[in-house]
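Its first residue numbered 163, the sequence shown is counted upward by one per residue in the working numbering.
Glycine residues also receive a C-beta, built at the ideal position from the N, C-alpha and C atoms.
In what follows, a single structure is set out as structure tokens and then discussed.
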Amino acid sequence: MSLSKEFDGKVALVTGGSSGIGKATALAFALAGAKVVIASRRVDIGEQAVQEICTRGGDAIFIKTDVSQADEVRALVDKTVDIYGRLDCALNNAGGAAKMGSLINTSEEDFERDINTHLKGTWLCLKYEIPRMLEQKTGTIVNIASMAGVIGCINASAYSASKGGVIALSRAIATEYAKSGIRVNVISPGVIQTPLLDKLRKEAEEFSKGSPNVLAFSGIPRDISEAVLYLCSDRASFITGQNLIIDGGYTIQ
163 MSLSKEFDGK
173 VALVTGGSSG
183 IGKATALAFA
193 LAGAKVVIAS
203 RRVDIGEQAV
213 QEICTRGGDA
223 IFIKTDVSQA
233 DEVRALVDKT
243 VDIYGRLDCA
253 LNNAGGAAKM
263 GSLINTSEED
273 FERDINTHLK
283 GTWLCLKYEI
293 PRMLEQKTGT
303 IVNIASMAGV
313 IGCINASAYS
323 ASKGGVIALS
333 RAIATEYAKS
343 GIRVNVISPG
353 VIQTPLLDKL
363 RKEAEEFSKG
373 SPNVLAFSGI
383 PRDISEAVLY
393 LCSDRASFIT
403 GQNLIIDGGY
413 TIQ
């Protein structure tokens with residue numbers, strides 16, 4: 163099969179798909195033949211992302227969604243299936259920036275925000291995506307964590323906890339539904355050049371201690387999107403429950 167049509171006839175859902183990693187992945191899915199649903203809280207840039215895909219010949223829609231709200235996630239998945247008839251692939255990517263600060267200076271509200279957006283949000287997406295995939299007896303899911311969930315990151319305790327939880331959650335769900343034809347994997351990016359990173363350059367440098375990785379340069383969204391498509395493809399049919407760290411070698415230092 164031609165790589166350009168590898169996802170022909172399939173439906174892919176991308177949360178946090180309005181910019182950065184999510185947008186790059188949504189475009190990649192569309193160019194590979196998939197019908198794409200972009201979910202985000204940002205209506206303006208979400209609709210712009212859809213327009214970019216359609217301009218390039220793809221098929222995409224936007225659905226405004228806050229992944230920390232169960233009713234909105236349920237409605238997102240239901241509408242996806244109502245419009246396109248199925249759900250084959252999902253990238254659970256929606257998230258926010260780490261609130262940098264020491265443990266004692268991190269508020270309970272900051273902790274709850276990180277847990278609700280990253281960990282609870284991923285859990286809710288899985289909760290409503292998987293029943294649809296069970297009906298089909300097939301499906302692939304990739305959750306986005308972070309290198310912060312793998313190593314100890316100074317002044318990012320809440321963010322690290324939420325992303326570490328995503329990794330553990332993904333492994334548990336991969337085990338639970340492996341015999342049902344559903345594969346679940348995780349990608350843990352390092353420092354990736356996105357609009358969010360540009361806004362938080364100082365925090366990102368503190369996060370990585372001023373040294374991005376052993377390759378000495380930051381990644382780009384395409385580095386992640388290509389890995390997502392691989393993990394969602396039939397080429398990765400023997401891979402589930404794994405955490406792929408894409409960080410330029412930062413965590414091997």
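Sub-9 Å separation of residue i and residue j beta-carbons
i           : j           : result
residue 178 : residue 239 : no
residue 252 : residue 304 : yes
residue 284 : residue 332 : yes
residue 265 : residue 291 : no
residue 235 : residue 289 : yes
residue 340 : residue 402 : yes
Buried/exposed call for residue i, threshold 16 Cβ in 10 Å
i           : result
residue 274 : exposed
residue 193 : buried
residue 314 : exposed
residue 397 : exposed
residue 351 : buried
residue 267 : exposed
residue 400 : exposed
residue 385 : buried
residue 297 : exposed
residue 107 : Since the first residue shown for the chain is 163 and the last is 415, residue 107 is missing from the structure and cannot be characterised.
residue 343 : exposed
residue 165 : Any reading at residue 165 is ruled out, since the residue's pLDDT is 48, under 50, leaving its predicted position unreliable.
residue 197 : buried
Proximity winner among the options, relative to residue i (alpha-carbon distances)
i           : options            : result
residue 187 : 397, 342, 314, 222 : 222
residue 189 : 397, 383, 299      : 383
residue 172 : 195, 181, 184      : 195
residue 183 : 288, 269, 299, 355 : 355
residue 276 : 307, 295, 294      : 307
residue 148 : 338, 269, 180      : In the structure as shown, the chain starts at 163 and stops at 415, and residue 148 therefore has no counterpart that could be examined.
residue 233 : 169, 393, 286      : 286
residue 202 : 255, 282, 340      : 255
residue 409 : 394, 393, 395, 389 : 389
residue 231 : 309, 282, 191      : 282
residue 294 : 326, 317, 237, 329 : 237
residue 247 : 174, 330, 208      : 174
residue 325 : 170, 167, 257      : 257
residue 330 : 316, 404, 415, 168 : 404
residue 170 : 209, 395, 317      : 395
residue 185 : 167, 209, 168      : 209
Whole-Å CB distance - residue i paired with residue j, under 8 Å assumed
i           : j           : result
residue 176 : residue 205 : With a Cβ gap of about 15 Å, residue 176 and residue 205 do not count as contacting.
residue 416 : residue 413 : Examination of residue 416 is not possible in this model, given that the chain is present from 163 through 415 alone.
residue 353 : residue 380 : 5 Å
residue 393 : residue 302 : 7 Å
residue 191 : residue 391 : 7 Å
Closer than 9 Å to chain D by CB, residue i
i           : result
residue 294 : Any reference to chain D falls outside this structure, which holds one protein chain only.
*asked:* Quick test of the definition: if touching needs 3 or more C-beta pairs under 8 Å, does the region 242-250 touch the region 209-219?
replied: Per the Cβ contact rule, the region 242-250 is not in contact with the region 209-219 (fewer than 3 Cβ pairs under 8 Å).
_Three or more C-beta pairs under 8 Å: does that hold for the region 200-213 against the region 341-348?_
Segments in contact, no.
_Is it the case that the region 307-321 contacts the region 256-275, given that we only count it when at least three CB pairs across the two stretches are under 8 Å?_
Proximity of the region 256-275 to the region 307-321 meets the contact definition, three or more beta-carbon pairs being nearer than 8 Å.
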